[in-house]
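Report on the structure given below.
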Amino acid sequence: MKSVVAVFLLVSCIYPLQRVIDARWGSEEELVRELMYFPTGRMMKRLVLGYDEMAADLVWLRMIQYYGQHKQSDRRYDYLGHIVDVLTDLDPRFIHAYTFGALLLTDDAKDPSRGLGILKKGAEYNPMDWRLPFMSGFIHYVFLGDYDGAARYFVRSSSLPDAPDFAGRFAAYVYGRKGDSDVSLELWSNLYHRSENEYEKLAALRYIKRIHTERLDLLVRRFEDMYGRYPLDLTELVKVGWFEDLPRPPDGSLYYLDPDDGKVKCTN
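In the working numbering, the protein residues as written are 10 to 277.
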């Protein structure tokens with residue numbers, strides 16, 4: 010009987026969030042009125058009778074849906090931080106909710122201070138987990154250009170139990186090569202290969218391709234200045250000794266030179 014009541018209360022708590030996600034609001038005022046009915050995580054914890062993880066799983070699904078719908082429409086994520094807060098109130102040990110939520114808030118919602126606040130909250134509940142300060146270092150380096158702050162977080166991450174070797178390696182990189190795009194590229198590549206979340210992998214892939222194409226574009230311009238023409242294709246950059254091999258994105262796509270505008274593009 011207890012489980013039936015808990016499920017009923019859980020669905021009742023989630024329903025307002027679903028309305029927020031699905032509704033087509035006529036005004037910002039209307040949206041705020043809708044959100045007033047969305048309970049806080051602490052309130053939900055009292056209502057779900059110990060089924061916190063079940064509630065967190067449902068809120069996680071709603072968060073993904075909210076993000077996906079706005080990604081495909083207005084690209085506004087005004088209430089993403091609130092949803093992540095509710096989720097992590099329900100399950101304070103859900104590390105991926107902190108790291109993924111912080112990345113979305115920083116990259117998509119353009120609110121790095123809120124993203125870092127989510128990671129700080131996670132570290133308060135999970136002080137020995139290396140992933141939280143590592144993501145803070147990531148955000149400081151890649152998005153904020155705060156290399157000293159990034160280095161401090163990477164050092165903190167590398168000192169925690171079970172931290173992989175690359176956490177300490179990034180601390181050394183950042184101290185020695187502040188602002189180097191090689192460090193950014195390795196950070197995004199690391200995220201792409203270790204993440205189990207498809208949205209994180211897509212964000213990482215997007216930035217990997219951006220760094221590669223910017224570098225290749227600069228070399229195409231340099232080639233044009235030297236030879237008075239565009240390269241016939243990107244392999245000419247290898248022939249003149251600027252690369253041993255052309256970079257390849259981790260998804261197997263290829264970079265190519267568009268002959269119409271001389272810009273470097275990707276097959277995917």
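Just so you know, even glycine gets a beta-carbon here, dropped at the ideal spot from N, CA and C.
Backbone secondary structure at residue i - three-state DSSP
i	result
Y86	coil
Y239	coil
K218	helix
L113	helix
V273	strand
L266	strand
P258	coil
L118	The question names Leu, but residue 118 in the sequence shown is Ala. It is coil, neither helix nor strand.
S168	coil
L125	helix
W197	helix
W251	coil
S190	helix
D94	helix
F143	helix
E39	Bear in mind that the predicted position of E39 carries a pLDDT of just 45, short of 50, making it unreliable; the figure below should be weighed with that in mind. E39: helix per DSSP, three-state reduction.
8 Å Cβ shell around residue i - same chain, five flanking residues per side excluded
i	result
L246	L225, L228, V229, F232, P240, F252, L255
L96	G50, A65, V68, W69, M72, F103, A106, G110
D260	L214, N277
I127	G90, V93, D94, T97, Y107, G110, A111, L114
Exposure label - residue i; buried when at least 16 CB within 10 Å
i	result
P136	exposed
P258	buried
R238	exposed
A181	exposed
K248	exposed
K130	buried
P170	exposed
T276	exposed
P268	exposed
S145	buried
E38	With a pLDDT of 40 at E38, under the threshold of 50, the predicted position of this residue should be treated as unreliable, though the coordinate-derived value follows. Burial call: exposed.
Y236	exposed
Same chain only: Cβ atoms within 6 Å of residue i, ignoring 5 sequence neighbours per side
i	result
W197	A213, Y216, I217
Y184	A160
Distance between beta carbons of residue j and residue i, contact taken as under 8 Å
i	j	result
F175	N199	6 Å
Residues of its chain near residue i, where Cβ-Cβ distance is below 7 Å and the 5 sequence neighbours each way are ignored
i	result
R140	I104, T108
L153	P121
K210	Y201, S204
A118	Y86, L89
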